[in-house]
Each structure stands twice: as C-alpha cells, then as structure tokens.
Amino acid sequence: RVQVHEVLPSELMTLLPKYRLFATDLSVDRPAVPSWRLGEYLSGRDAFVFGNEARGVSEEVLALAHERLRIPMAPGIDSLNVGVSVGVVLHEALGAAVQAARTRKA
C-alpha cells in the first residue's frame, strides 16, 4: 500500500519511527545504494523520499535517511522526472518482494 505525505523534515522521523528511510540522491560523489540492489536493503517496513528533478531531496532529509538511493542513469543525464524515479524504485521494491515470496514458498 502506497501512502503519500508532504511533511517538514523535522516531522519525518516522528511520522515514521519504525520505518527504514530511503532517500533518492542526485549526487554521484556520495555513497548510495544503486536502485538495482534495493532488495538487499529492504526491511519490510520501508519508506521512500523523492525530490524533484531540479533540486532533489534536501540535505536535511538526506541526513535523516538510513540509506541514500541512486538510480543509475546514462552519461549526460543528471536527473529523472519524479514520476519516473518513483516507478523505477517501486518496480525494484516489488520485484524484491516477489522474489522473497517465491523463495519462502520453495
């Protein structure tokens, strides 16, 4: 189930106290989990923060995140539309959940 909330950074951890927080990061100079490895980091109680394509996620929110998340892009591309970013990340998360369910059944 996907819920969308707009909150101040100071409210974020109060709203999601038991969630693992992932934030997309536009910077290539900082360590971040590549989106294709997201399944290795999911806990089952995960929340995602996406920034807009011009500014990305604020430094204040990035500092609160348990993990920074990067979507690999072709050379010369430095950002994606937020809707595309959400689609990529949720696709990876759903794929990981399906794989985990198949593994449990086997």
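The opening residue of the sequence shown carries number -3 in this note's numbering; numbering runs sequentially from there. Idealized CB from N, CA, C, for every residue including glycine. Quick caveat: nothing in here was measured; it's all calculated off a predicted structure.
When secondary structure is reduced to three states using DSSP, glutamate 63 falls in the strand class.
Per the DSSP secondary-structure output, aspartate 42 pairs in a beta bridge with Arg16. Pairing alanine 50 with serine 75, the inter-Cα distance amounts to about 7 angstroms. Counting C-beta atoms within 10 angstroms of its own C-beta, valine 45 has 16 or more neighbours from the protein chains shown and is therefore classed as buried. In the structure shown, the three-state DSSP call for glycine 72 is coil. Taking all protein chains in view, the Cβ of isoleucine 73 is surrounded by fewer than 16 other Cβ atoms within 10 Å, so the residue is classified as exposed. Counting C-beta pairs closer than 8 angstroms gives fewer than three between the stretch 52 to 61 and the stretch 90 to 101, which falls short of the contact rule. Our two residues, lysine 101 and glycine 40, have alpha carbons roughly 17 angstroms apart in a direct line. With distances taken between CA atoms, asparagine 48 lies nearest to Val78 out of Gln(-1), Gly35, Val78, Ser6. Excluding residues up to 5 positions away in sequence, Leu12, Tyr15, Arg16, Leu17, Phe18 lie with their Cβ nearer than 8 angstroms to the Cβ of alanine 43 in the same chain. The beta carbon of valine 57 sits closer than 6 angstroms to the beta carbons of Pro5, Ala19, Val45 from its chain, once the five residues preceding and following it are set aside; these are given in chain order.
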